[in-house]
Amino acid sequence: MKKRLFSMFMVSLMAGAMMIGCGDKTTDGKDAKTEVASDGQTYKVGIIQYVDDASLNQIVDSLEKQLDVLAEEKGVTFEYEDYYCNGQADSTTINQMVSELINDEVDILVPIATPTAMICQSATEDNQIPVVFAAVSDPEGAGLVASNDAPGSNVTGTSDALNTEAVLDLMIEQDRDLSKVGLLYDKSQDASAAPIAAAKEYLDAKGIDYVEKTGTTNDEVMLAADALIAADVEAVFTPTDNTIMTAELGIYEKFIEAGIPHYCGADSFALNGAYLGYGVNYATLGTETANMVAEILVDGKDPATLPVKVLDNGTATVNTDTAEALGLDYEKLRDLCDGFVEIQTAEEFE
Numbered sequence: 385m386k387k388r389l390f391s392m393f394m395v396s397l398m399a400g401a402m403m404i405g406c407g408d409k410t411t412d413g414k415d416a417k418t419e420v421a422s423d424g425q426t427y428k429v430g431i432i433q434y435v436d437d438a439s440l441n442q443i444v445d446s447l448e449k450q451l452d453v454l455a456e457e458k459g460v461t462f463e464y465e466d467y468y469c470n471g472q473a474d475s476t477t478i479n480q481m482v483s484e485l486i487n488d489e490v491d492i493l494v495p496i497a498t499p500t501a502m503i504c505q506s507a508t509e510d511n512q513i514p515v516v517f518a519a520v521s522d523p524e525g526a527g528l529v530a531s532n533d534a535p536g537s538n539v540t541g542t543s544d545a546l547n548t549e550a551v552l553d554l555m556i557e558q559d560r561d562l563s564k565v566g567l568l569y570d571k572s573q574d575a576s577a578a579p580i581a582a583a584k585e586y587l588d589a590k591g592i593d594y595v596e597k598t599g600t601t602n603d604e605v606m607l608a609a610d611a612l613i614a615a616d617v618e619a620v621f622t623p624t625d626n627t628i629m630t631a632e633l634g635i636y637e638k639f640i641e642a643g644i645p646h647y648c649g650a651d652s653f654a655l656n657g658a659y660l661g662y663g664v665n666y667a668t669l670g671t672e673t674a675n676m677v678a679e680i681l682v683d684g685k686d687p688a689t690l691p692v693k694v695l696d697n698g699t700a701t702v703n704t705d706t707a708e709a710l711g712l713d714y715e716k717l718r719d720l721c722d723g724f725v726e727i728q729t730a731e732e733f734e
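Using the numbering used here, the first residue of the sequence shown is number 385, and each one after it goes up by one.
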């Protein structure tokens, strides 16, 4: 897939020059969608991914596939290959990428995850380019919209809001003698603030102790996981936190060796080795995000009045490899979920 490479720029005096790329995603044999529909409009869609992880990669793949489907249905062209960027969790890089996309006169910005959405919101305050975010857990709390029902500006999108109580209900059903829980998250991730607060309230009400450990880099997350193990926690909870998601492949074996199940806010955690992920189907979220893009660009809907789409999150995904290693019987959890999926450890969804 053809992607642009941004020019060199200085990240800091100490860091020196840094290359910023709008991607380098592989094409899987697909040709770039650059042919203009014979009698239809062409729209430039800027996609800004926060970081590489299984959840966000799945969103982007699904988003692009649905844009292709909608383009054929509606007789238009959505150009996105030349306008895809991955900021690799660096805010300076993401800001530069968004500026470049605006200079390229994209018709819409599609930021994936809360940090990129907030940067896009700030960058479009004056020009009012439509923004359709994907996978923002708390759009209202992040200040992206006035309300989910009536966003009120140029920003709307899809939300993967987590039902924290439902995840913790599964944790307690699995181990009714649970007495100490680890809370593992990145304190700089806005998506984690509300569910961690909800988890503390829930555990306090149940009389269950908890230990908090945080990390903002892979190395810090590894140390945080070690600290939770040393604290003798009996289970660990992580919300839809992209920092922990990125590190999951490096920590899941630690928890298995310690006999600690990891309960998380997305199926991609389970894919990468956690015991259980609970939440939205990110392929569906990507599809719904593409639908909203088309509603705004083709159907003429106003993002200010187009409600945020909050996806149903009643599906649990259990890693059967991890369950076997931990000696856990997960069958008793099925009746507590709207959907139940079994999965094995892998880096990416097929």
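All residues carry an ideal CB built from backbone N, CA and C; glycine is no exception. For clarity, every value in this text was computed on a predicted model and none was experimentally measured.
- With a 10 Å radius around the Cβ and a threshold of 16 neighbouring Cβ atoms, lysine 716 comes out exposed.
- In this structure, Ala619 is the residue among Asn602, Ala619, Ala709 with its C-alpha nearest to the C-alpha of isoleucine 556.
- Boundaries for phenylalanine 733: no beta strand (DSSP E) harbours it, and the DSSP string shows neither H nor E there.
- Listed in chain order, the alpha helix (DSSP H) runs fully inside the segment 638 to 712 are 651 to 655, 666 to 681, 704 to 710, counting runs of at least 4 residues.
- Uninterrupted alpha helix (DSSP H) stretches at least 4 residues long and entirely within the segment 431 to 501 occur at 438 to 458, 475 to 487, given in chain order.
- Judged by DSSP in its simplified three-state form, leucine 633 adopts helix.
- Spatial neighbours of serine 475 in its own chain (CB-CB distance under 8 angstroms, excluding positions within 5 residues in sequence) are listed in chain order as Pro499, Ile503.
- Pairing aspartate 553 with valine 460, the inter-Cα distance amounts to about 46 angstroms.
- For aspartate 719, the number of other beta carbons within 10 angstroms of its own is below 16, and it is reported as exposed.
- In the three-state DSSP reduction, aspartate 593 falls in the strand class (E or B).
- Proline 645 places its beta carbon 8 angstroms or farther from that of proline 579.
- CA-CA distance, aspartate 452 to glutamate 734, rounds to 19 angstroms.
- Within the same chain, and ignoring the five residues on either side of tyrosine 662 in sequence, the residues whose Cβ sits closer than 6 angstroms to its Cβ are Val551, Ala700.
- In the DSSP secondary-structure assignment, threonine 622 is bridged to Cys648.
- Contact fails between the segment 426 to 440 and the segment 635 to 642, because fewer than three Cβ pairs, one in each stretch, are under 8 angstroms apart.
- Straight through space, the alpha carbons of threonine 704 and alanine 688 are spaced by roughly 43 angstroms.
- The shortest CA-to-CA distance from valine 515 to any of Ser576, Gly599, Ile680 is the one to Ile680.
- Checking the DSSP bridge columns, you'll see tyrosine 427 partnered with Phe462.
- Cβ contact annotation for isoleucine 431 (same chain, cutoff 6 angstroms, sequence separation greater than five): Tyr464, Tyr468, Val494, in chain order.
- The C-beta separation of valine 520 from alanine 501 comes to about 5 angstroms, placing the pair in contact by the 8 angstroms criterion.
- Here DSSP, grouped into helix, strand and coil, assigns serine 572 to coil.
- Counting C-beta pairs with one atom in each stretch, the segment 659 to 675 and the segment 437 to 447 have three or more that are closer than 8 angstroms, which means they touch.
- Distance from the CA atom of asparagine 626 to the CA atom of leucine 567, rounded to whole angstroms, is 15 angstroms.
- By the criterion of a C-beta distance shorter than 6 angstroms, alanine 575 is surrounded in its chain by Thr498, Ser521, Thr624, once the five residues flanking it on both sides are discounted.
- Taking all protein chains shown into account, aspartate 588 has fewer than 16 neighbouring C-beta atoms within 10 Å of its C-beta and is therefore exposed.
- Counting the other Cβ atoms within 10 Å of the Cβ of glutamine 728 gives fewer than 16, which makes it exposed.
- Distances from the CA of leucine 607 to each of Tyr569, Ala577, Phe653 were compared; the closest alpha carbon is that of Tyr569.
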